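Chemist: Residue 374 in the numbering used here sits at position 29 of the sequence shown, and the numbers go up by one each step.
My questions all concern the structure below.
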Amino acid sequence: MNEMIFVVTAPSGAGKTTLIKRLTAEYPRLSFSVSTTTRKPREGEIHGLHYHFTTDEVFDEMIAQGEFMEWAHIHQNRYGTSRKAAMEVLARGDELLLDVDMQGGEALRREFGTRANFIFIVTPSLDVLRERLMSRGTENPESLAIRLGNAKKELTALPSYDFVVVNDDLDRAYEELKSVYTACHYRVSLRPLHPSVLK
Ligand code: ADP
Ligand code: 5GP
Numbered sequence: 346m347n348e349m350i351f352v353v354t355a356p357s358g359a360g361k362t363t364l365i366k367r368l369t370a371e372y373p374r375l376s377f378s379v380s381t382t383t384r385k386p387r388e389g390e391i392h393g394l395h396y397h398f399t400t401d402e403v404f405d406e407m408i409a410q411g412e413f414m415e416w417a418h419i420h421q422n423r424y425g426t427s428r429k430a431a432m433e434v435l436a437r438g439d440e441l442l443l444d445v446d447m448q449g450g451e452a453l454r455r456e457f458g459t460r461a462n463f464i465f466i467v468t469p470s471l472d473v474l475r476e477r478l479m480s481r482g483t484e485n486p487e488s489l490a491i492r493l494g495n496a497k498k499e500l501t502a503l504p505s506y507d508f509v510v511v512n513d514d515l516d517r518a519y520e521e522l523k524s525v526y527t528a529c530h531y532r533v534s535l536r537p538l539h540p541s542v543l544k
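Okay, structure coming up:
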């Protein structure tokens, strides 16, 4: 069976978590690889489910041991994809979903090339992004400013992705994401055909 790998990137606040949660609920074979981060948990976030929350010292050790497929400094914290966690998902035959920033996206393009599907999620404007971040109520003024500043940088990576989903109305955006997800299963490179097709 062919491995299915999805790399999803979005400026913080664009709705990536909301949309991914819906997609993984509808398609249980799609497994989110839980990243490791030095960021402090937000209210409601669960260790091992949303992230493996860790210290700078442990993160340093994980880098030294070569445990990360990729890692990056983002919004004054560090985030990394554990190679073991990602490979375990594929080894059990599930589809792998990686939620990373643009630096992670670049590293994973080097790692997987065209074996992975690269999806970018945007809001219709930066004003909408600001409103969403404010309405989420998880950021203080300083981290809000950092995230909005980084959003402009993130958007420069858009042309190197395969698909873009515009998260205006949530239900509509979800339908768009689902269409992309479904279409990815029909890529020629991922779909060896029975020889009889050519006879
Ligand atoms: P991200 O994971 O990309 O940082 P979230 O999924 O946390 O973003 O979404 C940011 C905020 O915007 C959350 O409060 C979420 O409920 C809200 N949100 C997401 N999508 C929409 C949408 N289409 N319309 C209105 N609010 C949305
Ligand atoms: P947040 O702090 O809002 O949960 O995430 C901030 C950013 O970190 C998001 O853009 C998210 O995609 C990114 N991120 C989460 N996990 C990883 C990871 O393992 N590697 C990389 N490069 N980025 C990650």
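Don't be surprised by glycine CBs; every beta carbon is placed ideally from N, CA and C.
From a predicted model like this one, the values you see are computed outputs, not experimental measurements.
As a quick exercise: from Gly389, Ile408 and Thr383, pick the residue whose alpha carbon is nearest that of His397.
Modeler: It is Thr383.
Chemist: My guess is that Ser380 and Gly450 are in contact by the Cβ rule of under 8 Å, so how many angstroms apart are they, rounded?
Modeler: Not a contact, Cβ separation roughly 13 Å.
Chemist: For a test of the three-state rule: what should DSSP assign to Ile464, helix, strand or coil?
Modeler: Three-state result, Ile464: strand.
Chemist: If you follow the beta strand (DSSP E) that Asn546 is in, where does it begin and where does it stop?
Modeler: Residue 546 falls outside the range modelled here, since the chain spans only 346 to 544, and no answer is possible.
Chemist: In the structure shown, what three-state DSSP assignment does Thr369 receive?
Modeler: It is helical.
Chemist: In chain order, what residues of the same chain lie with their CB nearer than 6 Å to the CB of Gly358, ignoring the 5 residues before and after it?
Modeler: Closer than 6 Å at the Cβ level, and outside the excluded window around Gly358, lie Leu474, Arg477 and Leu478.
Chemist: What are the residues that DSSP puts in a beta bridge with Glu456?
Modeler: Looking at the DSSP assignment, Glu456 forms no beta bridge with any residue, so it has no partner.
Chemist: Measure the C-alpha to C-alpha separation of Arg536 and Cys529 and round it to an integer number of angstroms.
Modeler: Their backbone Cα atoms lie some 10 Å apart in a straight line.
Chemist: Going by the C-beta, is Thr459 closer than 7 Å to any heavy atom of ligand 1?
Modeler: No, since every heavy atom of ligand 1 falls outside the 7 Å radius drawn around the Cβ of Thr459.
Chemist: Does the beta-carbon of Ile350, which I'm using as the reference point, lie nearer than 7 Å to any heavy atom of ligand 2?
Modeler: Outside the cutoff, so no.
Chemist: Near Asp401, what residues of its chain come up, given a Cβ to Cβ distance below 8 Å and the 5 sequence neighbours on each side ignored?
Modeler: So the list reads Thr383 and Arg423, once near-sequence residues are dropped.
Chemist: Would you say Lys498 touches ligand 1, meaning its beta carbon is less than 7 Å from a heavy atom?
Modeler: Answer for Lys498: no, Cβ out of range of ligand 1.
Chemist: Output the distance between the C-alpha atoms of Leu515 and Ser470, rounded to the nearest integer angstrom.
Modeler: For Leu515 and Ser470, the distance between alpha carbons rounds to 15 Å.
Chemist: On the three-state DSSP scale, how would you describe Ser378?
Modeler: Note: Ser378 maps to coil in three-state DSSP.
Chemist: With DSSP as the reference, please indicate the residues paired to His530 in a beta bridge.
Modeler: Looking at the DSSP assignment, His530 forms no beta bridge with any residue, so it has no partner.
Chemist: Would you mind working out which of Val533, Tyr526, Leu543 and Ser541 sits nearest Ile350, comparing C-alpha positions?
Modeler: Taking only the C-alpha atoms, the option nearest Ile350 is Tyr526.
Chemist: Taking Cβ positions only, does Glu476 come closer than 8 Å to chain D?
Modeler: Protein chain content of the structure displayed is limited to a single chain, and chain D is not contained in it.
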